[in-house]
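This note's numbering puts the first residue of the sequence shown at 3, with every later residue one more than the last. Glycine residues also receive a C-beta, built at the ideal position from the N, C-alpha and C atoms.
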Amino acid sequence: MTQMASAKTTTSPRLGESEDIGETVRKARQTAIEMMKKAGFDVGTEVKVVIDPKLAFMGYTMPHGGNFTIVVSGGAVGSGLLEGLLIHEMSHIYRIQTNHPSHNGQILEEAIDNLGKKVVLSDYQQKIVHDLLNDIQDLYADDISFKVLRNSPIIAADQMTRFLQDWVKDEPAKSHDGVMDSWINASMMTHNARAIAQMARHRVEDIGGLAEQANKSFLSQVSPSVAGRFEYFRNLLQNLREDMTAEEYRALLADYLHQFLEIAEKN
Ligand SMILES: [Zn+2]
């Protein structure tokens, strides 16, 4: 799944343009499949692409049997990012097809079950944990998509820089709910760590040091326990290994979620 640039892509297609849109999507799908294949990541042809005009984020993939449906938002179609989005989603598909532990649904379910009933209570907390697991999946998917997109005109290097810099938040949450703030700030810190780790992992330059500055400002405004755990998350996310056994991956997720809960649950 990807939520990239959701704020910038809210335009919906107008009526009467649907044929053009269908054609745009068909061509983009074909281009993405060919680029994947050329880079050594053949996902086959059992990949459908459909548009959900009302989808609030860029897109996601639904596996069913050995087939896949990628759902893209109406906004994604006109955004100039459609091919990049499809390549990102197809990279998830490739990870699923090749049984990478990061995309093993059973391992992810177990990781959540092992948290115990005590900890994850409310909807927003469940969503945060889900997004934490999604961050890792996205990094593994983008290990592929960045290889596919490298040296292609689809996404310029400075566009990718701005894109990742925009993910780094510089202001913590401040509400009257201490528990919620704690969870949200711990989550923002890990997402900052993810964006900064991704830059290093995929050699995207932090032009002007904007990501680092924003993160520094963020960390200076949150509790020392949250700020103090930033390096742990940045290191873990930056150094995720390509080859991992299911056992190693279970252990990694357990530690990742454990470290997160320790700071989220501390007020
Ligand atoms: Zn994704």
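Interface flag, residue i vs chain B, CB-CB below 9 Å
i, result
"residue 99", "Structure shown: chain B not included; a single protein chain is present."
Close-in-space but distant-in-sequence residues of the same chain around residue i (CB under 6 Å, 5 per side omitted)
i, result
"residue 27", "51"
"residue 94", "63 and 143"
"residue 135", "110"
Near ligand 1: residue i beta-carbon under 8 Å from a heavy atom
i, result
"residue 139", "yes"
"residue 106", "no"
"residue 34", "no"
"residue 91", "yes"
"residue 143", "yes"
"residue 178", "no"
"residue 94", "yes"
"residue 136", "yes"
Buried versus exposed, by CB contacts within 10 Å (16 or more), residue i
i, result
"residue 247", "exposed"
"residue 244", "exposed"
"residue 101", "exposed"
"residue 60", "buried"
"residue 250", "exposed"
"residue 268", "exposed"
"residue 105", "buried"
"residue 54", "exposed"
"residue 140", "buried"
"residue 103", "buried"
"residue 200", "buried"
"residue 31", "buried"
"residue 152", "exposed"
"residue 76", "buried"
C-alpha gap between residue i and residue j, whole angstroms
i, j, result
"residue 222", "residue 173", "10 Å"
"residue 113", "residue 138", "13 Å"
"residue 253", "residue 109", "10 Å"
"residue 81", "residue 209", "23 Å"
"residue 132", "residue 262", "12 Å"
"residue 239", "residue 85", "25 Å"
"residue 255", "residue 234", "13 Å"
"residue 217", "residue 160", "19 Å"
"residue 92", "residue 175", "34 Å"
"residue 193", "residue 89", "22 Å"
"residue 74", "residue 62", "7 Å"
"residue 241", "residue 181", "30 Å"
"residue 215", "residue 165", "16 Å"
"residue 70", "residue 125", "28 Å"
"residue 229", "residue 237", "14 Å"
"residue 25", "residue 83", "16 Å"
"residue 226", "residue 41", "44 Å"
Closer than 8 Å: residue i CB and nearest ligand 3 heavy atom
i, result
"residue 132", "Ligand 3 is not part of this structure, which contains only ligand 1."
Neighbourhood of residue i by C-beta distance below 7 Å, restricted to the same chain and skipping five residues each side
i, result
"residue 177", "183"
"residue 127", "185"
"residue 207", "163"
"residue 204", "144 and 148"
"residue 212", "167"
"residue 98", "65 and 105"
Integer-rounded CB distance, given that residue j should sit under 8 Å from residue i
i, j, result
"residue 188", "residue 265", "5 Å"
"residue 96", "residue 49", "Between residue 49 and residue 96 the Cβ distance is about 10 Å, and since that is not below 8 Å, they are no contact."
"residue 169", "residue 197", "4 Å"
"residue 43", "residue 150", "7 Å"
"residue 38", "residue 154", "Actually they are not in contact, since the Cβ atoms of residue 38 and residue 154 sit about 11 Å apart, beyond 8 Å."
Cβ shell of residue i (< 8 Å), same chain only, five flanking positions each side left out
i, result
"residue 117", "131, 259 and 263"
"residue 220", "170, 171, 172, 173, 174, 190, 191 and 194"
"residue 35", "45, 47, 49 and 92"
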